[in-house]
Amino acid sequence: MGPVPRGYSSSPLMFEGSTLGSAVIACTNMRYVTDLYLSDDLGNSPFLIYMAIARCSDGTGGGAVANLEPGSATQVSVTCKAGFDAVKVYQSVPSVGFYPPMQVSFRCSSDGSWTTPVGTAAGTSNTTQVIVDCPIGALVSGFQVDYNASFVASFAIVCSPSDTVNRWWYEPLAVCPRPDGYDFLPGVLDDYLPVISTYSTLNSSGVSSAVSDCDSRQGSFDYWQTTVPGYGAGTSCRGTLVKAPPAPRQFYCVANISMTGPPALTLTVGSLADCYANCNNNSACQAFQYDVETSQCAIYSGTFVPGSNIPSGTTYAATCWVANAPWYCMPGGLTVKGQHNTSLGLSSDPLPRATPDECRAECDANKYCTHYMYTSLWESKFGCYLFKQPWYGQEYSNGALDQAGRVCLKTPNHRNLNGVAAVGSDTHRSLCFPGTHLGGRNAWLQYRDETYSTTSCAWRCSQHWGCSHWSLLLDGACYLYTGADLFTVSFGPVSDTLVSCLAAVTGSFVCLPRGASIRFDVLSNTVGLGGSSACATACRADWSCRGYYHTYDGDICTLYSAVLAEGAFGSNLPSGASADDEVCLRSLNYMQLFSDPPPNPPASPPPPSPNPPLAGIFPVAMAPVPIRYTPWLSSGSWTLQSCGASSYITSISMADGGGDYVTLIQAGACSDASTPTGYVAVKGPQPSVFGCADGFDAVKAEEAYNEPGAMPAAGAHPAVQVSFRCTKDDLFSSPAMGSGAGLDPTRTVTIVTCPADNTVITSLEIYSNSSAVGVIRIYCTPRDGRNPPSPLASCLASPGFYSLPGYFAPGVTLGRYTKSGLLTAFTACASDDDCTALTYNEVDRDPYLETQTSDQGALQLETPGDGGGECYGTFVRTPTGPRQYYCVVDLGLTGDSPQKAGTVNLIDCAYLCSSGSFGSCGAFTHTSSKNDCVVRATPFASNQSLSLSTLVPKVSCWAASDPWFCMPDGFELASYPAPYSTSYRRATPEQCRFDCDWDASCQHYSYNPETYECALRYVTFYGGQDSNQPTASGFRTCIKTPQHHTFSANGQPYGSLCFPGVSLGGSTPKYSAPSPNQPTSCASVCRTYGCGHWHLNTDGTCDVYEKGEALAPGGKGYGTTNTVALSCLAAVTGTYECLASGQGVAYDLLSTLEGVETRESCAESCNGDSACAGIIYDSKAATCVTFKNLFIGSKGANGNSGGPASDLFRLAKAFTAAFAAAFARPHLPNLAKSGTAIAGAARPPSTVTSPVAEPEAAVARATQPGPIIAFAA
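Using full-length UniProt numbering, you'd call the opening residue of the sequence shown number 1 and step up by one each time.
In structure tokens:
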């Protein structure tokens, strides 16, 4: 089973630097453990230090952990003749530190009692209890243990069936029911409740009878909505099944997913809201599907058919089904797509868990988890898989899967998926209406990635305090709104909305602002009930009541049977009714009668004070920590503690009172022996004092984690784990202050440094209140009065290489270049086939570069960081492969050696430039009106401005195969400030680049080496601020290219493959972005919409297309064109892209090879030829064709090739999934000397077989005959 301690990312802290041993101690022949020896040295150790199996059920011993065995007098004997079925330990919270197991005890299966704990936990704090059960009907038969000479580091119980004769496993799904409409609270049993009736049976019919009986009774819901489920359900799923309120019916909705099975009824209606109304008013309707193109509304009496595949695509505009409970579980044998993310605790490796509800508890405990899959007895693994991004992730498929024992998704009624989750754990805090908008003209926040479903949009809302309601649009976008927008303009039925949900419901009724009115149908009218509360009580007593209208004048209570989109009378208006009357909507929340108003988003604190207007640039104010958000503190204010412009801080006092947050940061002394301004004598407990006579030059802290590109989380916590670096020894102060123990352990380490190596901290600017320090900002000045050298002098950049600052790649050194010859190292590496990287470092402050042979595939797996204030690290050479171009519409080039290359099409112009026919060509301009092609050695002159002109339509392209393209030093580009981030001062251009990496809206950065200002920009080349021209400040300006790692499908660079003057096909674009655009904005739009390929058109628009439409049959066809400036495949994950079955391309022949046994061998022959653009491999004939001049050659054709219609995509896809590990470079661009990987083909299958479930089938399909056409990426 899963190990204890649980959730640690590395070995316990006290084991660092020591060698851990591993052992398996177990009873033989599946016998179970009856007697154990444990030790904590008679209570002198807080941890378990020894364990041994003293006796098994057959009387034999099972062995001991071979560490330092204590004397028998210090061992504790633990006995249960019936065997143990669970272990309980206490462990430290991971954010505090990783410690060995404490207070270890075992549960006796005969009576459920726990043994006396061993390991006192003395001196530890912030511990949590973890219980690991054996599967139902199983007992502990052994242990897998990690240990050293002093402690047991961790261990896992090994369980075997208690039936040692038949050795049967019990099916946990049969014992752990999950009936529709109920929430299971494992471990929750209330003996004080009156019993109505009792059902006693071990099969599902007993559960069905009990559920049927409970369904017929009303009951009280407020008792259970605050009850939190326990971790697990023991060995028999003990607990309470809680009925979800049956009305008003709530619908779970997904964009572009089809319901399976035949509909009970099909109607033609006017809108999605009408389709919803038809279903909701029909008690037999359990689901509906609306097609926006045909206006067809399909009504279903059930949901998904077990064993069926679930189609998806733009044809199905909206599918919704009834889901009132906090979880919706798919019918047996069905799963949904999802996405693993190990850094978020969503590992692709299954977690062995005894019951599905222990798996559910894992998903409950992980805020990023949206759904789980429990495989139960599949291969006896009892696997628990956690996912995010339901329905549209990259793992598994929507539909039948053999191992899908139980798959459940969080609904908006889950206790964590609402806008007020932070203040409690109640269920049913949402209220949803398909086809309806709930108010607000402009969304507070918008998300267009990874949404598409009710779960994902509700999760987005839950991450932002102040989200009062949200809308999931038909195109999959998720819009969040604040309470100020609720029931204001434009609420009611709308054509573009799939579903909208109130997300901050805390009572049975949500009332509209006074004076607002809604559409309705009347259920009843009553006079003289005694006010609005009595009217609400009457509505709550009637399941068919959806809301009410109470008139103050006359005390008239009108109950509604339909509201908003369903009603036939009245109007949805924000004003016009009497201000004395009240309109309220019924919810599923029973905690109080009326819901509280939704919370407001936290107010942003005032910004730091402006940078002081001192002489020169110093002291300079660097970026704050946290850098990606400003935490809100009640009554917070900024204070400045300063040693002045000519002195620096030499001691800093800090305190945290043993709590989560830093409570004090105080500059204590200056280098000139003066006291800093802003110093306040510390009262109370003495703080820790950290001294550094040479001054401090950096601050480090942990801030709340935000996914790259996401909006900063509103209300995120103050900086924790704060420390300062002493410039003399480069060590950070220890211990760090502010434990953060009670906070989410998933956090980001942020380091802000002073510029260069001779600047130190002269001032601290602190944002705080009486209980916590929220933000720290440092001011820096030269320690010795010398102005530091330009950061550009030590932060090198060269075309054909990209940097990994702070990472030093292993490899074989080829040559070494010292300070005087640094730039020649890049030239030497580029001319040496064996050189794949350069390492950049220093000795005694003298820099050097070493050319070396490194594992280029491993380098592509490294995500660039910020270097921690230095630019030393590794420069990675661009892998060999097809030249990539960056194309801009209407831009004129100014580079060297212009030559007219002829009158040709756009793609021919690109090939002429790449061919070497005109010498060293690095750029070209194509004029579409005359088909003129002008080639240049370089794209830009360092002393000339660039012009944009539409008088002569043209496209200019230049070589840009790296993740970043940097302009000549000194250039700035026309643009606007990136909307998601603030631009700060940063010590190096690599830190600035890192900030742009993180910000999804940033298309390029400009770093000013004189002022250290880092400007994050977008609308590159076309924005209304700055100009496309050189500057006196020597800016470094670099643009993200489509090869940037954030634009790829796997988070690694080189995830795109682009072609000037080529259409890659496709039907109707998924989205068309209006002009102007360039490749960076197109790649960004593609990422937002999850596209498969995109076209930057010569009119400046950008079209993005669904995955699977590139180079595929149907649609608009593919091939050369002058209307597309640049097209890019956006999901490249291997060295070669394979075309779909029967599809071809135009090409010119390079070679035909006979007797080639594998397509890998065929690919290797292309790898060894720099002119080779792709291969055609026929496994049946064992022939290999290599070719050049892709799309424009005289052989073949762009489109259907008339070849065999074998299922080549499945072949390639199964190969990639099942065999990638057999090659040195899976999922990487062309690495000629290191092996070959084949990427998935352009067209997806109608169904995808998971390689996890069916590796044999994958092997079989990978060997079927038929030609493969692939081209190099």
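C-beta atoms are modelled at their ideal positions from N, C-alpha and C, and glycine is treated no differently.
This one's a predicted model, so the numbers in the text were calculated from it and none came from an experiment.
Own chain, CB closer than 8 Å to residue i, minus 5 neighbours either side, in chain order
i        : result
Val-1132 : Ser-1048, Ala-1049, Tyr-1054, Gly-1055, Ser-1056, Leu-1057, Pro-1229, Ala-1239 and Ala-1273
Ser-929  : Val-952 and Pro-953
Ala-26   : Ile-53, Gly-62, Gly-63, Ser-141, Gly-142, Phe-143 and Val-158
Thr-1011 : Ile-617, Val-620, Arg-985 and Ser-1033
Gly-137  : Pro-161, Ser-162, Asp-163, Trp-168, Trp-169, Tyr-170 and Thr-235
Ser-1170 : Thr-880
6 Å Cβ shell around residue i - same chain, five flanking residues per side excluded
i        : result
Ser-1006 : Glu-972, Ala-1015, Phe-1035 and Thr-1037
Ile-665  : Met-654, Ile-766 and Val-773
Thr-240  : Leu-185 and Val-188
Tyr-661  : Pro-718, Gly-738 and Ala-772
Arg-6    : Val-130
Cys-966  : Ala-797 and Cys-1038
Residues sharing a beta bridge with residue i, DSSP
i        : result
Arg-586  : Phe-509
Gly-124  : Correcting the residue type first, residue 124 is Thr in the shown sequence and not Gly. According to DSSP, which records beta bridges pairwise, Thr-124 is partnered with nothing at all.
Ile-778  : Leu-764
Pro-805  : Gly-873
Ala-247  : Answer is none; Ala-247 lacks a bridge partner.
Arg-1036 : Tyr-1007
DSSP state of residue i mapped onto helix, strand, coil
i        : result
Lys-819  : helix
Ser-1246 : Low local confidence applies: a pLDDT of 26 at Ser-1246 is under 50, so the model's placement there is unreliable, with the coordinate-based value given in what follows. Three-state DSSP puts Ser-1246 in coil, outside helix and strand.
Pro-613  : Residue confidence is low: Pro-613 scores 39 on pLDDT, short of 50, so the model does not pin down where it sits. Its coordinate-derived value is still stated next. Of the three classes helix, strand and coil, the one that applies to Pro-613 here is coil, per DSSP.
Phe-491  : coil
Asp-215  : helix
His-1045 : helix
Val-175  : helix
Ser-1206 : Caution applies to Ser-1206, whose pLDDT of 31 falls short of 50 and renders its modelled position unreliable; the model cannot decide the point.
Gln-856  : helix
Cys-754  : coil
Pro-101  : coil
Tyr-199  : coil
Ser-92   : strand
Thr-375  : coil
Thr-1088 : helix
Alpha helix (DSSP H) segment containing residue i, residue limits
i       : result
Ser-915 : 906–915
Ser-533 : 532–540
Cys-363 : 356–365
Leu-272 : 272–280
Tyr-459 : Going by the sequence as given, residue 459 is Trp instead of Tyr. Counting along the chain, the alpha helix (DSSP H) containing Trp-459 begins and ends at 454–462.
Boundaries of the beta strand (DSSP E) in which residue i is found, first to last residue
i        : result
Phe-184  : 182–186
Cys-1172 : Counting along the chain, Cys-1172 falls outside any beta strand (DSSP E), and DSSP gives it neither H nor E.
Neighbourhood of residue i by C-beta, 7 Å cutoff - its chain only, sequence neighbours within 5 removed
i       : result
Pro-3   : Ser-154, Phe-155 and Ala-156
Arg-883 : Ser-914, Ala-959 and Ser-961
Ser-524 : Leu-559
Thr-746 : Leu-344 and Tyr-705
Glu-862 : Leu-804 and Tyr-807
Beta carbon proximity, residue i to chain D, threshold 7 Å
i       : result
Met-622 : The structure shown has no chain D; it contains just one protein chain.
Tell me, please, whether the stretch 1147–1165 touches the stretch 1113–1122 by the rule of three or more beta-carbon pairs shorter than 8 Å. The stretch 1147–1165, when compared against the stretch 1113–1122, does not touch it at the 8 Å Cβ threshold.
Is there contact here, the stretch 688–699 with the stretch 719–737, by at least three beta-carbon pairs under 8 Å? yes
Is it a yes or a no for the stretch 303–314 touching the stretch 332–342, going by three-plus beta-carbon pairs under 8 Å? yes
Do the stretch 984–1003 and the stretch 918–935 make contact, defined as three or more Cβ pairs closer than 8 Å? Contact between the stretch 984–1003 and the stretch 918–935 is absent: fewer than 3 CB-CB pairs across the two stretches fall below 8 Å.
Taking 8 Å as the cut-off, does the stretch 574–594 touch the stretch 514–524 (at least 3 CB pairs, one atom from each stretch)? The stretch 514–524 vs the stretch 574–594: in contact.
Spell out a yes or no on whether the stretch 213–221 and the stretch 260–276 are touching, meaning 3 or more CB-CB pairs, one atom from each, closer than 8 Å. no
With a cut-off of 8 Å, do at least 3 Cβ pairs link the stretch 348–367 to the stretch 438–456? Counting Cβ pairs under 8 Å, fewer than three are found: no touch.
Pairs of beta-carbons, one from the stretch 493–502 and one from the stretch 537–555, closer than 8 Å: are there three or more? no
Does the stretch 457–471 come close enough to the stretch 410–417 to have 3 or more Cβ pairs within less than 8 Å? yes
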